[in-house]
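>
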């Protein structure tokens, strides 16, 4: 990973997965996600349409909907319970913690 943030997806829709987080699906191609192995944990920032930024982690997941397979992110953003469409999710450099 470089020191430059990488756009992983713009959120089309999300679903709450009890006990796990929010499953976010991309509004557009999922190529940036397919560059990672499934279940890879990534440090991320969610940049909400209103300008707020929330840090957290995400894992890369494969979703099969009606026979169409795509990649999405399972987001762990702490207390943030909803992520609106249009939110950008960026992979950020690992802080090394």
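Numbering (this note's numbering), first residue to last: 1305 to 1401.
We treat Cβ as the ideally placed atom computed from N, Cα and C, and that holds for glycine.
Starting from residue 1335, trace the beta strand (DSSP E) in both directions and tell me its first and last residue.
It is not in any beta strand (DSSP E) - residue 1335 instead sits in the alpha helix (DSSP H) that spans 1335-1338.
> Is the region 1313-1320 touching the region 1332-1339 in the sense that three or more CB pairs, one from each, lie closer than 8 Å?
The region 1332-1339 vs the region 1313-1320: in contact.
> Are the C-beta atoms of residue 1318 and some chain D residue less than 7 Å apart?
Note that chain D does not occur in the displayed structure, where there is just one protein chain.
> Which term fits residue 1329, buried or exposed, when burial requires 16 or more other beta carbons within 10 angstroms of its beta carbon?
By the neighbour-count rule (16 or more Cβ atoms within 10 Å), residue 1329 is buried.
> For residue 1355, is the classification buried or exposed, using 16 other Cβ atoms within 10 angstroms of its Cβ as the cut-off for buried?
By the neighbour-count rule (16 or more Cβ atoms within 10 Å), residue 1355 is not buried but exposed.
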